[in-house]
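If you read the protein sequences in the order shown, they are chains A and B. Residue 315 in numbering that gives the first Met the number 0 is what sits at position 316 of the first sequence, and the numbering runs on without skipping anything. Residue 208 in numbering that gives the first Met the number 0 is what sits at position 209 of the second sequence, and the numbering runs on without skipping anything.
There are 2 protein chains.
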Amino acid sequence: MKAALIVCDGMADRPIRRLGGKTPLEAASTPNLDEAARRGATGIVDILAPGIPPGSDVAHLALFGYDALKVYRGRGALEALGADMEVKPGDVAFRGNFATLNDGLVVDRRAGRIDSASARRLAEALQNIKLEKHPDVEVLLRHTTEHRLAVVFRGPRLSPHVSDTDPGKAGLPLAEAKPLTVAASKTAEVVNEFTRLALKILGEHPLNEERKRRGLLEANGVILRGGGVLPEVEPLTARFNVKAAFIAVTSLIRGVCKLAGMKPIKVEGATGTTKTNVKAKAESLVKALETYDFCFLHVKGADNASHDQNLEEKMAMIERIDGMVGYLLDRLNLEETYLAITADHATPISVGNHTGDPVPLLILGPEVLADGVEAFSERACMRGGLGRLRGKDVIHLLMNYLGRLKKFGA
Amino acid sequence: MKAALIVCDGMADRPIRRLGGKTPLEAASTPNLDEAARRGATGIVDILAPGIPPGSDVAHLALFGYDALKVYRGRGALEALGADMEVKPGDVAFRGNFATLNDGLVVDRRAGRIDSASARRLAEALQNIKLEKHPDVEVLLRHTTEHRLAVVFRGPRLSPHVSDTDPGKAGLPLAEAKPLTVAASKTAEVVNEFTRLALKILGEHPLNEERKRRGLLEANGVILRGGGVLPEVEPLTARFNVKAAFIAVTSLIRGVCKLAGMKPIKVEGATGTTKTNVKAKAESLVKALETYDFCFLHVKGADNASHDQNLEEKMAMIERIDGMVGYLLDRLNLEETYLAITADHATPISVGNHTGDPVPLLILGPEVLADGVEAFSERACMRGGLGRLRGKDVIHLLMNYLGRLKKFGA
Numbered sequence: 000m001k002a003a004l005i006v007c008d009g010m011a012d013r014p015i016r017r018l019g020g021k022t023p024l025e026a027a028s029t030p031n032l033d034e035a036a037r038r039g040a041t042g043i044v045d046i047l048a049p050g051i052p053p054g055s056d057v058a059h060l061a062l063f064g065y066d067a068l069k070v071y072r073g074r075g076a077l078e079a080l081g082a083d084m085e086v087k088p089g090d091v092a093f094r095g096n097f098a099t100l101n102d103g104l105v106v107d108r109r110a111g112r113i114d115s116a117s118a119r120r121l122a123e124a125l126q127n128i129k130l131e132k133h134p135d136v137e138v139l140l141r142h143t144t145e146h147r148l149a150v151v152f153r154g155p156r157l158s159p160h161v162s163d164t165d166p167g168k169a170g171l172p173l174a175e176a177k178p179l180t181v182a183a184s185k186t187a188e189v190v191n192e193f194t195r196l197a198l199k200i201l202g203e204h205p206l207n208e209e210r211k212r213r214g215l216l217e218a219n220g221v222i223l224r225g226g227g228v229l230p231e232v233e234p235l236t237a238r239f240n241v242k243a244a245f246i247a248v249t250s251l252i253r254g255v256c257k258l259a260g261m262k263p264i265k266v267e268g269a270t271g272t273t274k275t276n277v278k279a280k281a282e283s284l285v286k287a288l289e290t291y292d293f294c295f296l297h298v299k300g301a302d303n304a305s306h307d308q309n310l311e312e313k314m315a316m317i318e319r320i321d322g323m324v325g326y327l328l329d330r331l332n333l334e335e336t337y338l339a340i341t342a343d344h345a346t347p348i349s350v351g352n353h354t355g356d357p358v359p360l361l362i363l364g365p366e367v368l369a370d371g372v373e374a375f376s377e378r379a380c381m382r383g384g385l386g387r388l389r390g391k392d393v394i395h396l397l398m399n400y401l402g403r404l405k406k407f408g409a
Numbered sequence: 000m001k002a003a004l005i006v007c008d009g010m011a012d013r014p015i016r017r018l019g020g021k022t023p024l025e026a027a028s029t030p031n032l033d034e035a036a037r038r039g040a041t042g043i044v045d046i047l048a049p050g051i052p053p054g055s056d057v058a059h060l061a062l063f064g065y066d067a068l069k070v071y072r073g074r075g076a077l078e079a080l081g082a083d084m085e086v087k088p089g090d091v092a093f094r095g096n097f098a099t100l101n102d103g104l105v106v107d108r109r110a111g112r113i114d115s116a117s118a119r120r121l122a123e124a125l126q127n128i129k130l131e132k133h134p135d136v137e138v139l140l141r142h143t144t145e146h147r148l149a150v151v152f153r154g155p156r157l158s159p160h161v162s163d164t165d166p167g168k169a170g171l172p173l174a175e176a177k178p179l180t181v182a183a184s185k186t187a188e189v190v191n192e193f194t195r196l197a198l199k200i201l202g203e204h205p206l207n208e209e210r211k212r213r214g215l216l217e218a219n220g221v222i223l224r225g226g227g228v229l230p231e232v233e234p235l236t237a238r239f240n241v242k243a244a245f246i247a248v249t250s251l252i253r254g255v256c257k258l259a260g261m262k263p264i265k266v267e268g269a270t271g272t273t274k275t276n277v278k279a280k281a282e283s284l285v286k287a288l289e290t291y292d293f294c295f296l297h298v299k300g301a302d303n304a305s306h307d308q309n310l311e312e313k314m315a316m317i318e319r320i321d322g323m324v325g326y327l328l329d330r331l332n333l334e335e336t337y338l339a340i341t342a343d344h345a346t347p348i349s350v351g352n353h354t355g356d357p358v359p360l361l362i363l364g365p366e367v368l369a370d371g372v373e374a375f376s377e378r379a380c381m382r383g384g385l386g387r388l389r390g391k392d393v394i395h396l397l398m399n400y401l402g403r404l405k406k407f408g409a
């Protein structure tokens with residue numbers, strides 16, 4: 000027996016007046032998701048607890064069976080792990096953005112969504128930063144996509160408990176990192192020195208001169224957020240005694256997957272946007288299940304569209320996901336495979352951010368008790384036979400079908 | 000007001016292809032269970048948590064309202080208590096089997112399912128075992144049924160944290176008990192010395208000579224498993240201020256019932272197998288409710304059939320249970336009695352062991368809100384008005400109807 004878990008990032012939503020009170024998932028054409036619901040069991044899931052909005056990292060920790068509210072230690076280290084950096088115990092890591100600064104103000108938090116090639120050149124210039132005040136701290140840095148960076152500080156007595164230098168929205172001053180605990184004052188100094196040095200190096204970089212000439216926003220600063228250390232958790236591969244793989248592009252999600260001990264599977268054309276090649280992902284999933292007991296597949300696009308409050312793009316992405324599910328219903332051996340489909344949180348178009356609404360869940364497979372629900376949506380799954388579950392239950396339902404849970408007691 | 004809880008061990012199952020995708024409970028003829036569902040409220044229950052497979056002892060602790068994952072201290076002491084042995088604080092007890100050994104190998108873990116009379120004679124020969132290395136430890140031993148024993152070690156500084164000598168399946172060597180904590184090394188020595196002495200005494204026993212002559216497997220060793228001490232829990236009789244009784248044959252379940260402070264009721268013809276006399280059990284339940292506020296009734300057969308993967312026997316047992324429920328619907332005064340029916344875990348025929356699937360629950364009685372569900376099954380109860388509950392909620396539902404729960408707050 001094999002199992003796959005597909006998480007459609009931010010797919011869940013709320014009723015929308017323009018759609019006659021339907022949700023995007025209800026209004027989109029989703030014959031394959033509906034067919035899967037008809038053949039399986041459905042329910043709704045509070046990823047953390049009713050009403051509590053989860054970040055995508057925390058949501059995935061929960062969906063992999065961890066007590067996310069307890070084990071989460073910040074975003075940064077997961078982001079760095081997902082960017083294939085080595086993160087050691089004691090390392091404190093941050094998510095970074097190349098940004099446009101002008102006289103201490105953050106003019107654009109993404110440096111005009113700078114292209115990856117340019118950003119990579121700038122990241123190279125930051126590789127050999129030496130801190131003067133704290134020479135015992137090493138700065139490690141990796142560019143991921145577009146304006147995105149992961150930054151790791153390695154040295155004695157560092158703490159993740161410092162405030163962000165990223166002010167969170169454009170037009171505000173670059174923030175100074177402040178220690179949030181007494182033990183974090185060294186780290187705050189480290190972050191602030193790094194920030195000053197990066198400003199200097201980037202401000203003098205010829206690529207920024209060139210961007211200025213071409214009328215592009217300069218990428219003349221790095222803003223940091225989400226200081227974190229790696230959570231210490233038992234890999235799910237050990238907990239459930241499974242060979243496990245993942246298909247995901249987004250660094251943060253990749254980091255959670257790697258923390259859980261899953262092996263990455265590379266897919267050509269998967270980009271983590273609405274243009275992602277879902278068909279290629281589905282093909283990779285079918286192939287991965289030949290080798291692995293469990294495969295996790297992350298589809299990002301619906302969340303991006305929701306953050307942009309772009310209803311049409313969200314519905315188009317849902318329909319692409321539906322096509323992917325159709326491919327899987329055709330190609331997976333459903334006599335020997337359990338398939339769960341859910342979301343990591345709702346990102347309502349009306350809100351443009353994560354909310355704490357429950358997400359729909361469906362499970363199908365050889366011994367799943369079909370519950371008579373005939374569609375996959377936030378509303379239809381409210382009536383589902385699985386009832387209302389928590390995020391950390393989902394992997395247990397799958398592992399129960401795979402016989403990978405130890406009996407407690409005699 | 001009175002209340003009864005009927006637990007049908009291992010009754011819940013999964014859809015079975017030979018039954019057209021129905022579960023045994025759906026496919027069997029169960030007019031009385033369905034009538035009870037129509038008159039009452041239904042739901043599904045995760046005995047511990049979604050997906051987590053419980054042992055029967057742990058499941059019953061949960062159904063009696065205890066936080067089973069926290070209070071459980073191993074099987075052995077519950078088994079000994081259920082065999083009507085005295086178990087004192089500090090005592091460490093094991094479940095034992097008479098087994099057939101040959102040159103250190105366990106050839107048969109049940110000594111050819113030795114008859115009870117022979118096993119009782121052998122158990123007598125083990126009554127006066129004196130340990131040489133640890134003379135401060137007393138060995139107490141009781142035969143229960145067929146090959147089954149309960150063994151209690153009494154003395155200073157004993158620990159339940161030793162590994163089993165039972166290798167778990169035939170054809171493997173008799174295992175040496177190993178300490179699982181530093182504090183358990185004395186106990187491991189005690190168990191190993193007991194095992195050696197038992198081998199010697201049984202090997203020389205005339206009954207084994209006789210069995211050899213008759214071509215029967217010798218019962219020339221004792222294998223131990225499930226070391227445990229008694230959990231310290233408040234009896235439910237005190238917690239809920241009820242007079243409570245139980246009807247159960249299986250030692251392990253009897254032990255949990257006694258731990259919970261319930262009084263045993265003896266039933267003629269109740270055997271803990273599929274041949275158990277369910278009618279006699281039902282009569283005893285009706286009678287017990289004249290005296291007691293709460294009576295628990297355990298029916299074992301469906302689990303035995305499931306472990307043997309015998310679908311016909313499981314369905315026949317379900318139909319016998321249905322007959323018992325019919326008798327109860329006729330004879331109980333349902334104007335003054337609440338009746339709950341559930342299972343302690345699923346034991347799917349396809350798996351032959353406990354799984355973490357939820358179990359169906361029904362409650363009927365004078366003030367139960369009927370929910371419109373018209374059948375008692377894993378699937379029908381998914382739609383039930385009670386929703387999805389946890390095992391430890393069930394007794395609280397009953398005690399709430401009996402007015403035995405204290406208001407929390409003002």
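Glycine included, each C-beta is placed from N, C-alpha and C at the ideal position. As the structure is a computational prediction, the values presented were derived from the model and not from experiment.
The three-state reading of DSSP puts B/ASN101 in strand, counting E and B together. Distance check between A/ALA237 and each of A/ALA247, A/ARG403 and A/LEU396 places A/ARG403 closest, using alpha-carbon atoms only. Under DSSP, A/LEU388 forms a beta bridge with A/VAL44. For A/ILE340, same chain residues with a beta-carbon under 6 Å away, outside a window of 5 residues either side, are ILE5 and LEU361 in chain order. According to the DSSP assignment, A/GLY226 belongs to the beta strand (DSSP E) that extends over 220-227. In the DSSP annotation of this structure, the continuous segment of the alpha helix (DSSP H) that includes A/LEU201 starts and ends at 184-202.
At the C-beta level, A/LEU77 and A/VAL70 stay beyond 8 Å of one another. Look at A/LYS1: its C-beta is not under 8 Å from any C-beta on chain B.
Within the DSSP bridge table, the entry for A/ASP107 names A/THR99 as partners. Under the Cβ criterion (8 Å, minimum of three pairs), the segment 151-160 of chain A counts as touching the segment 72-91 of chain A. Contact check for B/ILE264 against B/PHE293 fails: the beta carbons are separated by 8 Å or more. Contacts with chain A at 8 Å (Cβ-Cβ) do not include B/GLY364. For the 8 Å CB-CB criterion, A/GLU188 and A/HIS133 form a contact.
Under the three-state reduction of DSSP output, B/VAL70 falls in the helix class.
Contact of B/PRO166 with chain A by beta-carbon distance below 7 Å is absent, the smallest such distance being about 16 Å. The DSSP assignment places 358-363 as complete runs of the beta strand (DSSP E) inside the segment 345-369 of chain B, in order along the chain (cut-off: 3 residues). Classified as buried, B/GLY75 has 16 or more neighbouring CB atoms from the shown chains inside 10 Å of its CB. Secondary structure of A/ARG13 (DSSP, three-state): coil. By the Cβ neighbour-count rule, B/PHE63 is buried, with 16 or more other Cβ atoms within 10 Å of its own. In chain A, no part has a C-beta under 7 Å from the C-beta of B/GLU131; the shortest such distance is about 31 Å.
B/ARG378 sits in coil when the DSSP states are folded into three classes, being neither helix nor strand. The closest CA to that of A/PHE407, considering only B/ASN352, B/TYR400 and B/ASP302, is found on B/ASN352. With respect to chain A, the C-beta atom of B/ARG382 has a partner C-beta closer than 8 Å. Remark: C-beta atoms of A/ARG224 and A/PHE93 approach each other more closely than 8 Å. Nearest neighbour of B/GLY268 by Cα position, chosen from B/ALA247, B/VAL136 and B/ARG112, turns out to be B/ALA247.
The CB of A/MET398 comes closer than 7 Å to the CB of GLY50 in chain B, given here in chain order. Taking C-alpha positions only, B/LEU125 is separated from B/ARG72 by approximately 26 Å.
With distances taken between CA atoms, B/ASP102 lies nearest to B/GLU217 out of B/GLU217, B/LYS185 and B/LEU32. Using a Cβ-Cβ cut-off of 8 Å, A/LEU404 counts as an interface residue toward chain B, since at least one Cβ of chain B sits closer than that to its own.
Between the alpha carbons of A/PRO205 and A/VAL138 lies a gap of roughly 23 Å. Not one beta carbon of chain A lies nearer than 8 Å to the beta carbon of B/VAL393. CA-CA distance, A/LEU215 to A/ALA369, rounds to 56 Å. Collapsing the DSSP output to three states places B/ILE113 in coil. The C-alpha of A/GLY39 lies about 32 Å from the C-alpha of B/HIS395. Using beta-carbon distances, B/GLU377 counts as an interface residue toward chain A, with a partner under 8 Å.
Using a Cβ distance threshold of 8 Å, B/CYS7 and B/ALA342 count as a contacting pair.
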